[in-house]
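There are 2 protein chains.
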Amino acid sequence: MKIALAQQNYHIGNFEYNTQRIIEGIAGAKALGADLVVFSELSVCGYPPRDFLEFEDFIRRCDDAIRLICTHADTIGVLVGCPVRNPDREGKDLFNAAWLLYEGKVQDIRHKTLLPTYDIFDEYRYFEPGFEWNIVEFKGRRLAVTICEDIWNLGDNPLYRLCPMDKLITQSPDCMVNLSASPFDYAHAEERGAIVRANVDKYRLPMFYCNAVGSQTEIVFDGGSLAMDASGRVVSALPFFSEGIVMAELTPSGEVLPCGPDDAEVAASATPLTAYGAPSPALGGASAAGASTTADPNAPALVAPARVPKVVTAASAGFSRLDADILRPELHIGRIHEALVMGISDYFRKMGFSKALIASSGGIDSALTLALACEALGAANVRAVLLPSPYSTEHSVADAVALSETLGNPYDIIPIREVYEAFLHTLHPVFGDLPFSLAEENLQSRTRGNIMMAIANKFGYILLNTSNKSELATGYGTLYGDMAGGLGVLGDLYKLQVYALSRHLNRAAPIIPQNILDKAPSAELRPGQKDSDSLPDYAVLDPLLYQYIERRQGPAELAEQGFDPALVSRVLRMVNTNEYKRNQFCPIIRVSPKAFGVGRRVPIVAKYLG
Amino acid sequence: MKIALAQQNYHIGNFEYNTQRIIEGIAGAKALGADLVVFSELSVCGYPPRDFLEFEDFIRRCDDAIRLICTHADTIGVLVGCPVRNPDREGKDLFNAAWLLYEGKVQDIRHKTLLPTYDIFDEYRYFEPGFEWNIVEFKGRRLAVTICEDIWNLGDNPLYRLCPMDKLITQSPDCMVNLSASPFDYAHAEERGAIVRANVDKYRLPMFYCNAVGSQTEIVFDGGSLAMDASGRVVSALPFFSEGIVMAELTPSGEVLPCGPDDAEVAASATPLTAYGAPSPALGGASAAGASTTADPNAPALVAPARVPKVVTAASAGFSRLDADILRPELHIGRIHEALVMGISDYFRKMGFSKALIASSGGIDSALTLALACEALGAANVRAVLLPSPYSTEHSVADAVALSETLGNPYDIIPIREVYEAFLHTLHPVFGDLPFSLAEENLQSRTRGNIMMAIANKFGYILLNTSNKSELATGYGTLYGDMAGGLGVLGDLYKLQVYALSRHLNRAAPIIPQNILDKAPSAELRPGQKDSDSLPDYAVLDPLLYQYIERRQGPAELAEQGFDPALVSRVLRMVNTNEYKRNQFCPIIRVSPKAFGVGRRVPIVAKYLG
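From first to last, the protein sequence lines stand for chains C and U.
The first sequence begins at 65 in this note's numbering and counts up one residue at a time.
The second sequence begins at 65 in this note's numbering and counts up one residue at a time.
Quick look at the structure:
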C-alpha cells in the first residue's frame with residue numbers, strides 16, 4: 065500500500081481555501097499513484113480554531129467541507145483531520161477526529177484521546193477525550209490511527225494516565241499513522257523526531273507521520289512529516305517550513321520503501337500557496353518561507369522527552385539539555401530565522417496585508433526586525449521610519465540610514481521634537497515645574513508610536529513591533545509607545561539571541577552594520593541613557609530570565625544556581641509586576657518552549673514574587 | 065456539629081495575607097463555638113492562580129501556609145482549599161484539593177473531580193481530575209466534601225461523563241460540603257442557587273456551601289455562601305459582595321438549624337478587609353464594595369442549568385431565559401452595579417494603587433465610569449480630564465464639567481489642538497495633501513491617550529478605560545487612544561446596558577446629567593459625527609451582538625431570528641476582523657457569561673465570517 069503524506073499550510077476558518085488545498089493534495093497523491101493520502105490534524109478548519117469551535121455554524125461548515133472532500137476521495141483513501149460531534153448526552157460536544165474517506169463515503173472516524181491542555185494548547189476546552197480504541201481497516205491493512213499528542217505519552221513523567229497506542233497495539237496493527245499539528249520551537253524538532261522513534265521502538269511498527277506547516281498568528285508549524293520503518297530508519301521525509309507531498313510504500317511484509325519521485329523534487333513541485341481568498345491583496349509571488357532546511361530525522365534518538373515541564377522539583381533544577389538553548393543559541397539560530405520569516409510572511413498573507421512599517425532607531429532590535437521583514441515581504445514592501453528625538457545620538461540616524469541603504473527599503477526621517485514640545489507645553493498647566501521623569505521618557509516613545517500608527521492608518525501599513533523578550537520580561541518598554549504594533553517579531557528572543565540571530569544574518573555578507581552590533585544598547589530617551597542604567601547586563605539577565613520563564617525556577621533554585629539573591633528578587637519582581645504591560649502586547653511569533661502570550665497565563669492582580 | 069462558613073476575599077499569591085485572613089477566620093469561628101470552619105476553593109493561594117501553579121516555589125509556599133494554618137486548627141476542624149501534589153508517576157502534577165486540618169495535623173485531603181475548562185476556566189491545564197471518592201469523617205459525622213464544579217454536572221446536557229456525588233452518596237454521608245470559587249455574572253447567582261438546590265433534592269442531604277468573594281483582575285466572585293437543609297430551605301446565608309462568617313448546626317438527626325449571631329450582625333462584624341501588604345497604600349477606609357444585597361436563595365428552584373453553552377443546536381436557537389438578559393437589563397442592573405464597584409475597588413487595593421484618572425468626554429460611557437470610580441475609590445481619588453478637540457461640541461465640555469461638579473471629583477481641561485496640529489505639521493512631509501481620513505480621527509484619540517498616560521505616569525494614577533462592549537465588539541475605538549487604560553470598567557456592558565446602569569445610578573438623585581443621557585452618542589472626531597454614521601442603531605446592534613457573542617448564534621440562526629442577513633454579515637465581520645484590537649485591550653470587569661478577554665479566545669489570523 066502506497067501512503068502519501070500531504071504537508072500543507074491552512075488558514076483557520078477559511079473552509080473554501082482549506083478544502084481547495086486538500087482537494088489539490090488528493091489530486092497530487094493520485095498522480096503519484098497513492099492508495100491513501102494523509103493530511104494533518106484539523107486540516108479542514110485549520111489548527112488551532114480555538115473558540116470558533118463553540119459555534120454550531122462553524123461545525124456545520126466542517127461537515128460541508130467533509131462532504132465536498134468525500135466526492136474526491138473516490139479511488140483513493142483520504143485521512144483528514146476534522147472535529148466531529150459527540151453523539152452522547154454526556155461530555156463535551158466534540159471530538160478531535162481523524163476521518164477516513166473512501167469510495168465517496170465516510171468509512172471511519174477515530175477520536176483523539178490525549179488532549180494537550182498546557183502552554184498554547186486548550187484542547188480539553190473543546191473536546192471530549194476519546195475512550196474507545198479501534199484499528200482502522202483499509203484495503204486489507206490494519207492502521208493504528210492516532211492524532212498528535214496521542215503518541216507523546218512515553219516519557220518518564222507521563223502527563224496522562226493512559227496511552228492510546230497501548231490499547232491499539234493489542235489489535236495487531238500493521239503500522240501507525242499520526243495526524244499532527246505539532247508546533248515549532250527551537251528544540252521541538254528533535255523532541256518530535258525522538259518521540260516518533262520512541263513509538264516505533266516501543267511498538268515495533270512503522271510510522272507515517274503527517275504534520276502541519278505554516279504560521280497561525282503566534283504559532284509556527286514547521287512540518288517535517290516523515291515515514292519511518294519499524295527499524296527506526298526514515299524512509300521519506302518532507303522539509304521544514306514548506307509545503308509538499310511525499311510517499312512511501314508499506315509492503316505486505318511490513319517493510320517501508322521509498323516510492324514516487326525524489327522528495328526534493330516533490331517538495332519543489334508542490335502546488336504553490338495560493339491567495340487565501342478575496343479581497344486579500346496577495347503578496348507579489350512571495351513564497352511562504354525562506355530557504356528550507358531538510359529534516360535530519362535520522363539523528364540519534366533521544367530519550368522521549370517530557371512534553372511539558374511539570375512542576376519542576378528541586379532535584380531536577382540543575383542544568384539540563386534545555387539550558388543549553390539560551391547559552392548556545394547558535395545551535396538553533398538557523399531554524400529560528402526560518403520560523404520568524406514564515407511567521408511574518410504568513411501573518412501578512414493570511415491577514416490580507418502586504419506592507420510593513422517599522423520604527424528604525426539605529427538599535428539592534430529594529431535593525432534585525434527590518435532585515436527579517438525585508439526577507440519575508442520584499443524590501444519594497446517594508447517602510448522604515450526614523451524618529452529622532454532631542455536625545456537621539458547622531459550615529460543612531462546614520463546607522464539606521466546605512467541599514468536601509470543596504471537593505472534597499474524605503475525610509476523616512478521624521479523628527480519628533482515639535483510634537484514632544486507641544487505635549488510638554490500642553491501639559492505644563494498640570495506638570496508645572498516638576499523635574500524630568502519617566503513620564504517625559506514615555507511621552508517621547510508614545511509620540512513615536514502615535515506617528516507610526518498615523519502613517520500605518522493613512523497608507524494601510526501594519527506596524528511591526530521590535531521589542532525583545534528581555535525587555536518584555538522586565539517591563540523595559542512603553543505601553544502604546546515602542547510596545548505598539550500588530551505583530552511582535554522578536555518578542556520571543558532574549559537580547560543575547562537577538563545578537564546571535566543578527567550575526568547569523570551577517571554570516572555571508574554584512575546586512576546589519578557592524579556599528580549597530582557593537583554599540584551599547586540604549587533607549588535614548590534622556591541624555592547618555594544606557595539599558596545598563598536600568599537593567600543588569602544581558603549576559604546575566606538573560607540566563608536568569610530563561611531559568612525563571614522557560615524553566616520555572618524559583619528564588620531558591622536560582623540562588624542554588626549561583627545567581628545573586630538580591631538580583632533574583634529584583635528581576636523576578638520586575639517580571640511579575642509588569643504582567644499588565646505584556647497583557648496589552650500584540651501576538652509574538654513563538655520560537656521557544658515558553659513565549660509570552662497565549663501560552664503563558666499569569667494573573668495581573670496578584671502578589672507573588674512581586 | 066456546628067459548621068461555620070467563612071466567606072473571604074483573597075489576594076492571589078499573597079500567602080502572608082491569605083494565611084492571616086484564614087487564621088482570623090478560624091479565630092472568628094472559634095469565637096462562635098464552631099466545630100468546623102469551611103473556607104472557599106484554593107483559599108490558601110487565591111483563585112485563579114493560573115500559571116503560578118507551574119512553579120514548585122509556589123507549591124512550596126502553599127505547603128508552608130498549610131503548616132502554619134495547621135497550628136491554628138487545634139480544637140476546631142478547618143476545611144481549606146489548596147493545591148496538593150500528585151504522588152503518582154502519571155497524570156498532571158497537582159490536584160485541586162480540600163484539606164481537612166484538625167488537632168494540628170492534616171487529617172484528610174480530597175481531590176476535585178470535575179475540572180472546569182471553558183470560558184475563563186483552565187483547570188485541566190494544571191490539575192489531574194480526582195478519581196477516588198471517599199467520605200471525610202469528622203467528629204463522627206460523614207461529610208461528602210466536593211469542590212465547586214463537582215456539584216454542577218446535573219443538567220440535561222452534562223459536561224462530564226461522571227458525577228462525583230453519585231460516587232459519594234453510596235457511602236452514606238450525613239451532609240454535603242462544597243468549597244467554591246464560583247464567579248459572578250448577572251445570571252449566575254440564580255444558577256448557583258438552583259444547582260445547590262438540585263443537589264439537595266437529588267441526594268436528599270443538607271449542603272454547606274462556601275464561596276469566595278472579591279475581584280481578581282477581571283473575575284468578580286460574589287459570595288452568597290449558604291447552608292441549606294435537606295428540604296431545600298436556606299437556613300443561613302451570607303450576603304453577596306462582602307466578607308463574613310455564618311454558622312449553622314447539623315443535628316444528630318440530620319436537621320440544619322441556625323445558630324450563632326444573626327447573619328446580618330455577623331456580616332457587619334466580620335473582620336474588615338485589611339491592607340494586602342506593604343508597600344500598598346491602602347484606600348482611606350473604603351470598604352470593598354457598595355451596599356450589599358442579601359441573597360434570595362429561597363427563590364423557586366430552576367431546572368439545573370447547563371454550565372456552559374455547549375455547541376448550540378439549531379433547535380435550541382430560539383429565545384431562552386438568557387435572552388431576556390440583554391432585553392431587560394434592569395433585572396440584573398443592581399448586581400452589575402455592585403460587581404463593577406467591587407471590581408474597581410479590588411483592582412486598585414490589590415495592585416497597591418489609590419488614584420484613578422478618567423478621560424471625561426461628556427458622553428455617557430465616561431460619565432458612568434467616572435460615577436462608578438468615585439463610588440469605589442472616593443471622589444477625591446478620581447481625577448477627570450476633559451480633552452476637547454477642534455471637533456468637540458461646547459455642550460460636551462459643559463456636560464462633563466457639570467458631572468464632576470455633581471460628583472465632587474477634581475478635573476482639568478486640556479485642549480488637544482496644539483498637539484494635534486503639531487502632529488499634522490510633523491506628518492505633512494509624509495501625508496502631503498491627502499484628505500482628512502480615519503488616520504486623523506485616530507490621531508486625535510491617540511493624542512488624548514498620550515496626554516492621559518503622561519499625567520498617569522507623572523503622578524501615579526491608573527487610567528480607567530471607558531469603552532463599552534458594543535464598541536469593543538465592532539472595533540469602534542482607537543488602539544492606544546480611547547482603548548488605552550489599565551482596567552476596562554464598562555467593557556462587558558453593551559451600550560443599552562450602559563444606559564440602563566446610568567438610569568439606575570440616577571434613580572434616587574440625578575448624578576449623571578440628563579443631557580448626557582439624552583444626546584446621541586458621538587466620538588466627535590470630525591464635524592457632526594455620530595455613532596450611527598458607522599454603526600447600526602444600538603437597539604438593533606446590541607441584541608445582534610448578544611446573540612452572536614453570548615449565544616454563539618451563526619448567520620443562519622440570526623436570520624431565523626429576524627435579523628437582516630446583510631446586517632448580520634456586516635456586523636459579524638466587524639466583530640471577527642477586530643479581534644486584533646481586543647487582543648491588546650486591558651482586562652475587563654466581567655459581568656456577563658461571555659466577556660471579551662481571558663474567557664473568549666478566538667484566533668486573530670483567521671477568515672471565519674470575516
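Don't be surprised by glycine CBs; every beta carbon is placed ideally from N, CA and C.
Apart from the five residues on each side of it in sequence, which residues of its chain come closer than 8 Å, Cβ to Cβ, to residue i?
i      : result
U/F79  : V108, C109, R125, C126, D128 and A129
U/R637 : L673 and G674
C/F707 : The structure shown does not extend to residue 707 of chain C, since chain C spans only 65 to 674, so no value can be given for it.
C/A503 : F495
C/G145 : F103, S104, E105, L106, S107, V108, Y111, N160, A161, A162, W163, I211, L243 and A245
C/M229 : A208, T210, D214, I215, M240, N263, K266 and Y267
If I measure Cβ to Cβ from residue i and keep anything under 6 Å in the same chain, skipping five residues before and after, which residues do I get?
i      : result
U/S479 : Rather than Ser, the amino acid found at residue 479 of chain U in this sequence is Pro. Taken in chain order, the residues that qualify are P452.
U/F383 : Reliability fails at U/F383, whose pLDDT of 34 lies under 50, so the model's placement of it is uncertain and the value that follows must be treated cautiously. For U/F383, where only same-chain residues beyond five positions count, there are no Cβ hits under 6 Å.
U/D157 : N150
U/A379 : Residue confidence is low: U/A379 scores 32 on pLDDT, short of 50, so the model does not pin down where it sits. Its coordinate-derived value is still stated next. None.
Just to make sure I have the definition right: I need the residues of chain D whose C-beta is within less than 7 Å of the C-beta of residue i. Which are they?
i     : result
C/Q84 : The chain labelled as chain D is not found among the protein chains of the depicted structure, namely C and U.
What does a CB cutoff of less than 7 Å around residue i pick up in its chain, not counting 5 residues either side in sequence?
i      : result
U/P322 : V299, S300 and A312
C/A381 : Bear in mind that a pLDDT of 31 at C/A381, under 50, signals an unreliable position, so the number given afterwards is only what the model happens to contain. Same-chain partners within the cutoff: Q617, E621 and E624.
C/P651 : T281, E282, L551, G552 and G661
C/S456 : E588
C/R385 : Unreliable positioning characterises C/R385 in this predicted model, as indicated by a pLDDT of 39, which lies under 50. The coordinate reading is nonetheless provided below. Once the five neighbours on either side are set aside, C/R385 has no close Cβ partner at all.
U/E56  : Here chain U has residues from 65 to 674 only, and residue 56 of chain U is not among them.
So, using beta-carbon positions, are residue i and residue j closer together than 8 Å?
i      : j      : result
C/D238 : C/L164 : no
C/F122 : C/Q72  : no
U/D556 : U/V655 : yes
C/K419 : U/L498 : no
C/E154 : U/Y74  : no
U/V465 : U/L436 : no
U/V241 : U/V277 : no
C/T470 : C/T530 : no
C/G426 : C/D476 : no
U/I133 : U/K94  : no
C/Y558 : C/L609 : yes
Looking only at C-alpha atoms, which of the options sits nearest to residue i?
i      : options                           : result
C/D265 : C/I397, C/K176, C/S295 and C/S289 : C/S295
U/L528 : U/D410, U/G550 and U/R512         : U/G550
C/L49  : C/H459, C/S306 and C/V320         : Since the first residue of chain C shown is 65 and the last is 674, residue 49 of chain C is not available in this structure.
C/H401 : C/V446, C/Q561 and C/G308         : C/Q561
U/M65  : U/I90, U/G97, U/T83 and U/I76     : U/G97
C/A659 : C/V635, C/I613 and C/Y644         : C/I613
C/I184 : C/V669, C/N642, C/A423 and C/R664 : C/R664
C/V639 : C/S534, C/H489, C/S586 and C/D628 : C/S534
U/S598 : U/P657, U/A573, U/Q611 and U/T538 : U/T538
U/E439 : U/V461, U/D410 and U/G416         : U/D410
Report back the beta-carbon spacing between residue i and residue j to the nearest angstrom; my notes put them in contact at under 8 Å.
i      : j      : result
C/V101 : C/V142 : 6 Å
At a threshold of 7 Å, does residue i count as lining the ligand NAP (C-beta to nearest heavy atom)?
i      : result
C/I184 : In the structure shown, the ligand NAP is absent, as is every other ligand, since no ligand is present at all.
- At a Cβ cut of 9 Å, what residues of the segment 512–526 of chain C count as close to chain U, listed as they run along the chain? G513, N514, I515, M517, A518, I519, A520, N521, K522 and F523
- Mind checking the segment 488–501 of chain U against chain C and listing, in chain order, the residues whose C-beta falls within less than 8 Å of any C-beta there? H489, T490, L491, P493, V494, F495, L498 and S501
- Item | chain C contacts from the segment 413–426 of chain U (Cβ-Cβ distance under 8 Å) | K414 and M415
- Residues in the segment 189–215 of chain U having any Cβ partner in chain C nearer than 7 Å: R189
- Message: To be precise: take each residue of the segment 110–132 of chain U, compare its Cβ to all Cβ atoms of chain C, and keep it if any distance is under 9 Å. Which residues remain?
- Response: G110, P112, P113, R114, D115, F116, L117, E118, F119, E120, D121, F122, I123, R124 and R125
- Please list the residues of the segment 471–482 of chain C that have a C-beta atom closer than 8 Å to any C-beta atom in chain U, keeping them in chain order. D476, I478, P479, I480 and E482
- Item | Positions along the segment 638–667 of chain C whose CB lies within less than 8 Å of some CB in chain U | Y644, N647, Q648, F649, C650, P651, V662, R664, R665, V666 and P667
- Using a Cβ cut-off of 7 Å, which residues of the segment 266–300 of chain C contact any Cβ in chain U, in chain order? Q280 and T281
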